[in-house]
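Mapping to UniProt numbering: the sequence shown position 584 is 584, numbers consecutive. Ideal Cβ positions, reconstructed from N, Cα and C, are used throughout, including at glycine. In what follows, a structure is listed as structure tokens, so that the remarks can point back to it.
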Amino acid sequence: MDSWIWINTCVSWRIFDRRNVANRNLEELRWLLILGKARCAMAVKEHVEAVLNVGLRVPSIMLLEVLYRWDVSSFFQKIQRSSMNNNPLFQYKYLALYLHYVGYILSLVLLTLPRQRLVQLYLYVLTALLLFAGHQISRDYVRGELESGYEGPLYLVPLSVNRFTTALICQLVVCTLCSCVMQTKRIWLFSAHLLPLVARLCLVPLETIVFVNRFAMIFTGLEVIYFLASNLLVPFNLAKTAYRELAQVVEVYGLLALGMSLWNQLVLPVLFMCFWLVLFALQIYTYFSTRDQPTSRERLLFLFLTSIAECCCTPYSLLGLVFTVSFVALGVLTLCKFYLQGYRAFMNDNTMHRGMTEGITLLILAVQTGLIELQVIHRAFLLSIILFIVVASILQSMLEIADPIVLALGASRDKSLWKHFRAVSLCLFLLVFPAYMSYMICQFFHMDFWLLIIISSSILTSLQVLGTLLIYVLFMVEELRKVPMENMDDVIYCVNGTYRMLEFVVALCVVAYGVCETVFGEWTVMGSTIVLVHSYYNVWLRAQLGWQSFLLRRDAVNKIKSLPTASEQQLQQHNDICSICYQDMTSAVITPCNHFFHAGCLKKWLYVQEACPLCHSQLKSSTQRESGMDVPPQPDATIQEAQPEAPLPASTSDEVESGEEGEVKANTSAETELPLSSSTC
């Protein structure tokens with residue numbers, strides 16, 4: 001009986017313990033859910049604040065745009081020719097000019113206000129607009145009553161009842177909204193416009209209702225004036241506080257840190273991009289709202305270019321276009337990375353491909369060509385060429401992203417067909433699209449030197465893609481073969497050399513065309529400077545690098561041919577692996593320092609440097625030795641012992657140790673001069 005009681009007690013305790021564990025798990029899960037909701041709420045709040053920070057500052061840049069486009073002199077000339085010239089308000093021209101500059105200052109102040117103060121300012125403006133709407137509703141109601149001429153009870157005339165009810169509901173909504181926006185319970189402060197309705201309800205004569213309406217308007221105006229007077233020192237206090245904070249930041253961190261802080265707080269790139277997109281959308285809406293007939297495809301392209309030209313006629317809109325192009329380029333390059341590598345592309349993101357190169361290119365070309373000073377048609381045609389250059393730069397950046405990925409896929413043993421399809425399809429796009437762009441721009445413009453330079457960049461991009469695809473095909477063919485190709489490096493060098501030669505020929509043709517146009521056509525200092533710069537960087541430097549590469553490879557081939565080939569007996573006595581590729585040696589060449597290497601491996605090494613991979617002694621060809629050139633002194637034994645030894649695979653370590661003694665005896669003379677042999681390394 002006692003045993004049964006003990007068993008029941010243990011079971012009950014175990015069940016109780018399990019219930020406690022389950023309750024603890026539920027409590028932890030509940031807290032995790034609460035923390036997750038809090039984090040989500042904080043993230044949403046941060047995103048909303050970021051959107052407000054940008055959206056509330058866009059009107060300030062719009063005001064700067066309007067002030068820049070507004071010609072004050074022509075405005076006053078129109079006023080003088082009109083009947084408003086006798087108005088004394090328009091006699092003070094210089095006062096209006098000063099107000100014009102005050103508008104600039106006000107816009108800059110709105111642009112740099114803190115977000116909390118900016119929200120308060122917009123709430124005050126919204127309250128003023130609501131009060132103005134209440135005044136308009138009251139005035140329309142009084143005008144309707146005067147037109148009807150009925151002064152009797154309202155309930156006797158249905159039209160008067162409807163008019164009164166509509167005005168009352170609208171005024172109550174206005175009062176409620178003003179109270180909510182200003183966060184006050186004193187709703188009577190905003191209910192002055194209800195006085196004409198109350199007077200009409202009390203059967204006050206219509207002439208008196210007009211005076212009541214004027215009194216309500218004056219009372220509301222006095223309230224606004226009192227509010228402005230009570231907050232008159234707020235801008236001064238804000239300016240003083242801002243100046244104090246700026247002085248402290250400049251004193252501690254410097255002007256550069258202040259500029260970076262303002263750049264990050266105002267989010268100027270996103271702000272200018274949103275401003276330009278709003279401007280562009282308004283331009284498109286204005287065009288389609290005034291057109292009834294459908295637009296053809298050519299007309300759409302012209303509309304697109306013309307709208308962009310209309311939206312970059314001021315420095316502010318030009319900056320907006322620059323940042324918009326930068327973000328578009330960033331989006332295209334990000335999509336390119338995602339298409340090639342998926343989410344792995346964002347783990348090790350390259351800081352070079354941020355889209356700023358394209359934006360800076362657009363800004364430099366626009367400033368150099370005086371884009372904002374041209375007429376709309378000329379600006380549209382010039383923008384088409386500038387945008388072509390920007391697109392060519394984006395395609396070149398896409399090639400820089402795709403080239404190492406495509407070559408890595410070709411050299412690896414990755415069997416994923418989807419990865420290979422994505423890489424090859426992107427390369428085919430980069431091969432065809434630049435050529436198509438070049439063909440289209442040649443159809444629209446007459447060929448000259450500048451256009452040839454622009455088109456040559458797209459042609460070079462297509463040539464680079466073609467070389468990348470050929471090397472990728474060679475890698476895939478080598479992977480399908482059972483025996484690797486011995487001369488694979490030479491074949492790849494020939495492919496690279498071929499398309500480098502084609503690039504050189506294209507650059508040479510551009511220079512020849514430019515020289516002919518300079519000699520036989522119109523000579524300009526700018527054109528001659530461009531020809532000289534293009535000749536130096538794209539012709540002379542490329543030719544020099546190509547010739548140096550050719551000489552290095554030819555010298556390496558001559559050195560390999562001058563080295564003796566190891567016999568079967570020497571290979572058996574050596575009994576080692578190649579210290580470069582760590583593979584067994586069925587054939588090898590012997591260096592003057594008595595080290596054994598594969599001929600292909602040593603040739604690849606000599607492409608980089610002219611020294612032995614193990615002892616770093618200089619290797620010379622037979623022609624150099626016959627010419628009597630002095631051989632550099634061999635490295636000292638103590639220096640050689642301090643050099644790191646080349647690691648060997650674990651599978652061959654025993655063989656190296658067993659063959660070390662025989663090799664030392666067979667090469668006694670060589671070991672006295674060079675203490676490190678290939679077996680000991």
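Closest in alpha carbon position to Thr586, among Asn594, Gly600, Leu431, is Gly600. Three or more beta-carbon pairs separated by less than 8 Å link the region 458 to 476 to the region 491 to 500, which places the two stretches in contact. If you ignore the 5 residues before and after Tyr104, its C-beta comes within less than 8 Å of the C-beta of Leu64, Leu67, all in its own chain and listed in chain order.
Counting only runs of 3 or more residues that sit fully inside the region 549 to 620, no beta strand (DSSP E) segment turns up. Each residue's CA atom was taken as its position, placing Lys419 and Leu340 some 7 Å apart. The Cβ neighbour count for Asn213, taken over all protein chains shown within 10 Å, is at least 16; the residue is labelled buried. Counting only residues of its own chain and dropping the five nearest sequence neighbours on each side, Gln171 has a CB closer than 8 Å to the CB of Gly134, Ile137, Ser138, Ser191, His193, Leu194, Leu197. Counting along the chain, the unbroken alpha helix (DSSP H) around Lys337 starts and ends at 315 to 341. Per DSSP, Tyr226 is one residue of the alpha helix (DSSP H) stretching across 206 to 230. Distances from the CA of Glu358 to each of Leu99, Val391, Ala366 were compared; the closest alpha carbon is that of Val391. Between the alpha carbons of Arg299 and Leu277 lies a gap of roughly 21 Å. In the three-state reduction of the DSSP assignment, Cys202 falls in the coil class, being assigned neither a helical nor a strand state.
Ranking Pro613, Val250, Lys561 by CA distance to the CA of Ser579 puts Pro613 first. Secondary structure note for Trp276: its alpha helix (DSSP H) is the uninterrupted segment 268 to 289. Residue ranges of uninterrupted beta strand (DSSP E) with 3 or more members are absent from the region 33 to 69; none lies entirely inside it. Taking 8 Å as the cut-off, the Cβ atoms of Arg57 and Thr314 do not count as close. Taking a contact as a CB-CB distance under 8 Å, the pair Leu318 and Ile372 counts as one, their CB atoms being some 6 Å apart. Taking C-alpha positions only, Lys37 is separated from Leu256 by approximately 39 Å. The C-beta of Thr220 has 16 or more other C-beta atoms within 10 Å across all chains shown, which makes the residue buried. The Cβ neighbour count for Pro434, taken over all protein chains shown within 10 Å, is at least 16; the residue is labelled buried. Rounded to whole angstroms, Phe288 and Gln120 show a C-alpha spacing of 36 Å. Under the three-pair Cβ rule at 8 Å, the region 594 to 610 counts as touching the region 546 to 561. Rounded to whole angstroms, the Cβ separation of Leu430 and Leu395 is 6 Å, and the two are in contact under 8 Å.
The three-state reading of DSSP puts Glu400 in helix, counting H, G and I together. Using a C-beta cut-off of 8 Å, the region 147 to 156 makes contact with the region 199 to 210, since at least three inter-stretch Cβ pairs fall below that distance. Setting aside the 5 residues that flank it on each side, Val174 is surrounded in the same chain by Leu130, Leu131, Ala133, Gly134, Ile137, Phe190, His193, each with a C-beta closer than 8 Å to its C-beta; the list follows chain order.
In the structure shown, Val531 adopts helical secondary structure according to DSSP, grouped into three states.
Each of Leu508, Gln368, Thr565 was checked against the Cα of Leu541, and the nearest Cα belongs to Leu508.
Excluding its 5 nearest sequence neighbours in each direction, Leu305 has C-beta neighbours in its own chain below 7 Å: Ala380, Leu383, Ser384, listed in chain order.
For Ala216, the CB contacts under 7 Å within the same chain, skipping 5 residues up- and downstream, are Ser138, Ala192, His193, Leu195, Pro196 in chain order.
Non-local beta-carbon contacts of Leu365 in its own chain, meaning distances under 6 Å to residues more than five positions away in sequence, involve Ile386 in chain order. Of the candidates Cys581, Cys593, Tyr582, the residue whose Cα lies closest to the Cα of Pro564 is Cys593. Between the C-alpha atoms of Asp448 and Val515 there is a straight-line separation of about 12 Å.
The beta carbons of Arg115 and Glu27 sit about 39 Å from each other, so the pair does not count as a contact at 8 Å. When the five nearest sequence neighbours on each side are left out, the beta carbons in the same chain lying within less than 8 Å of the beta carbon of Leu407 are those of Thr468, Ile471, Tyr472, Phe475, in order along the chain. The Cβ atoms of Met440 and Ser458 do not sit closer than 8 Å to each other.
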